[in-house]
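I have placed the structure first, in the form of structure tokens, so that the comments after it can refer back to it.
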Amino acid sequence: MSDRAKAAARYNTYAEKVKAAEPPHRLLIHNGTEGWAPLCDFLGVALPDEPLSNLNDRETIKKIIRDIIKGSYIMLGLAIAAVAAMVAGT
Numbered sequence: 232m233s234d235r236a237k238a239a240a241r242y243n244t245y246a247e248k249v250k251a252a253e254p255p256h257r258l259l260i261h262n263g264t265e266g267w268a269p270l271c272d273f274l275g276v277a278l279p280d281e282p283l284s285n286l287n288d289r290e291t292i293k294k295i296i297r298d299i300i301k302g303s304y305i306m307l308g309l310a311i312a313a314v315a316a317m318v319a320g321t
């Protein structure tokens, strides 16, 4: 069994334990693609004017990772330049 399969199995086991532990009126299984309506109905609050943001979509995560890698290369370049400047100055 792969790590991904193990993680999925562990998540599903945990989700089933949560479902079994909480009465249905206290538990909302919500998919972000459903928007605000199910969540607001469950909480008894008004719908907000702005759409529900989805910060965990694949493209956003890929961009964040690219930005982190880019920043790491910049920091590495600056560190190398600093060391080179110190070596050249001695």
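FYI, the numbering for the sequence shown is 232 to 321, going by the working numbering.
All C-beta atoms, glycine included, are put in the ideal place defined by N, C-alpha and C.
It should be emphasised that the depicted structure is a prediction, and the values quoted were computed from it without experimental measurement.
How far does the alpha helix (DSSP H) with ASP234 in it reach, from first residue to last?
Locating residue 234 in the sequence shown gives position 3, where the first residue counts as 1. Start and end: 234-252.
Can you tell me whether ALA310 is helix, strand or coil according to DSSP?
Against the sequence shown, residue 310 aligns to sequence position 79. Helix.
From GLU265 to ASP298, what does the alpha carbon distance come to, in whole angstroms?
Within the sequence shown, residue 265 is the residue found at index 34, counting from 1. Within the sequence shown, residue 298 is the residue found at index 67, counting from 1. Rounded to the nearest angstrom, the two C-alpha atoms are 29 Å apart.
Specify whether the region 284-300 and the region 309-317 touch according to this definition: at least 3 beta carbon pairs, one from each stretch, less than 8 Å apart.
no
As a quick exercise: from LEU258, TRP267, ASN243, ALA277, pick the residue whose alpha carbon is nearest that of LEU283.
Here residue 283 refers to the residue found at position 52 of the sequence shown. Of the candidates LEU258, TRP267, ASN243, ALA277, the one whose C-alpha sits nearest the C-alpha of LEU283 is TRP267.
Excluding the 5 residues preceding and the 5 following CYS271 in the sequence, name in chain order all residues of the same chain whose CB lies nearer than 6 Å to its CB.
Counting from 1 along the sequence shown, the entry for residue 271 is found at position 40. Closer than 6 Å at the Cβ level, and outside the excluded window around CYS271, lie LEU278.
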